[in-house]
Each structure stands twice: as structure tokens, then as C-alpha cells.
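Just so we're aligned, residue 1 is where the sequence shown starts under UniProt numbering, counting upward by one.
Remarks on the structure that follows.
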Amino acid sequence: MFLGAVVMFYIASLMEEPSVGHQHSMRGPHHPRGKVVAHHHYSPHRHEANMEVPKLTQDTDLLHDTVHIQEDLGEWVSKVDTDNMTPEELEFHYFKLHDFDNNTKLDGLEILQAVHHTIHYKEEKSGGEEIYNRQQQTETQTEESKKSDQDDFDYFVELIDQVLEEDDLDKDGYLSYIEYVMGRQKNEHNIQSEYNKP
């Protein structure tokens, strides 16, 4: 019962709105506080009804998002370094960067945090130029965008449940690195990447 309450509190904190002037702490431990990062990442989204949606562990666009990985690695690597990484290196860093408790396994909340990191909230700079920055989201969020956020969250939960159902081979509630790699290799030849193509 206590664990369920903790999980619900964590999920609620992911969805809560920050008060005006307060930066939301959704960046996770890999982003320096105080730095506003204007960026755009590939984000998993629902496709048309007849299109097959890749499982998170087979979503090459998500796992090879070099901007996301380079941002998470910060000063450890340069853009050139991430551009020269092999697909396997990108996937390893994606896994390791989101293993917040360093147990070499991803639980559902760590996967949710990794995917939630890709959501963007539009905000305008003084010159009318749009930037993406969820940390500056305010209480003026419309009901429509709240509904959209809930839909995104529900969709991400479905994707995470699918990954854990299909790829958690020992059914311990975690995705080990071996399970992650094996899940990644399932039907790999059918998955095509469009996001990071030159």
C-alpha cells in the first residue's frame, strides 16, 4: 500500500503544474539547475490507426536522438562525439543515463522519465520566436493542453507497459541491460529510422 502511494505521488509530480515563476524540476538529475535548455527532441507519438507503432526498445528515433544524449552527457562529450557514436554506443548511453539508481536496470518510472523528457512546451521569446521549454510552463496552461498532456502520459504508460510485458524476460518488473538489448534486436530489420537521417 505504501509503495503504491509513493508511485502515485511520483506520477502526480510528473503531471503537476508549476506555480508562476517556479521552474519545474522535470529535467532529472542529468540537467544542471538554473540552465534553461531550448531544444527539440524526437518524441514518440500516436500514429494513424493503420500504422504500427514501434515498441520503445525498437524506436530507433528515440534511442538514437543524439541531441538528447549529448544534452544528458553534458560536458563529458561534444556534439562531434555523439555524432560519431555507433548505434550501440548511443543505445548504451541512453540506457545508462536513465538508470538513475545505478542498478543496471530500468524500472517503469525510469523509462517514463526518459520518455517524458521528450515532451516540449512551446513558449515565445520576446521577438515572437518560439522556443521549446517545459520548465517555464505556467499556470496559464489551457484545458486543451492539459488534456493533451494527460493523453501523452496515458500513451507513454501504454508504451512502457508494452515494453515491460514483452521484454522483461524474467518478469522482475525491471528491464535489465541484456533484456533491453534483446528487446532492441527483436524485429530490428522491420524498424526504420527517419528522425536522425542526414
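Built from N, CA and C at the ideal position, the CB exists for glycine as well.
{"Item": "Reduced DSSP secondary structure (H/G/I, E/B, other) of K171", "Value": "coil"}
{"Item": "Buried or exposed (CB count within 10 angstroms, at least 16 for buried), K146", "Value": "exposed"}
{"Item": "C-beta contact flag for Y180 and F95 at 8 angstroms", "Value": "yes"}
{"Item": "Length of the line joining the Cα atoms of T82 and T142", "Value": "37 angstroms"}
{"Item": "Outcome for K55 when other beta-carbon atoms lying within 10 angstroms are tallied against a minimum of 16", "Value": "buried"}
{"Item": "Straight-line Cα distance separating E144 from G183", "Value": "35 angstroms"}
{"Item": "Reference Q185; option with closest CA among E166, Y155 and K171", "Value": "E166"}
{"Item": "Distance, Y177 Cα to D154 Cα", "Value": "25 angstroms"}
{"Item": "Proximity below 8 angstroms, CB of residue 199 to CB of H98", "Value": "Nothing in the structure corresponds to residue 199, since the chain is present only between 1 and 198."}
{"Item": "Candidates S148, G108, D149 and D168: closest to I160 by CA position", "Value": "G108"}
{"Item": "Closest by C-alpha distance to D152, when choosing among H116, L169, L164 and D170", "Value": "H116"}
{"Item": "Cβ-based neighbour list, F156, same chain, cut-off 8 angstroms, excluding 5 preceding and 5 following", "Value": "P44, L112, V115 and H116"}
{"Item": "F100 and E91 closer than 8 angstroms at C-beta", "Value": "no"}
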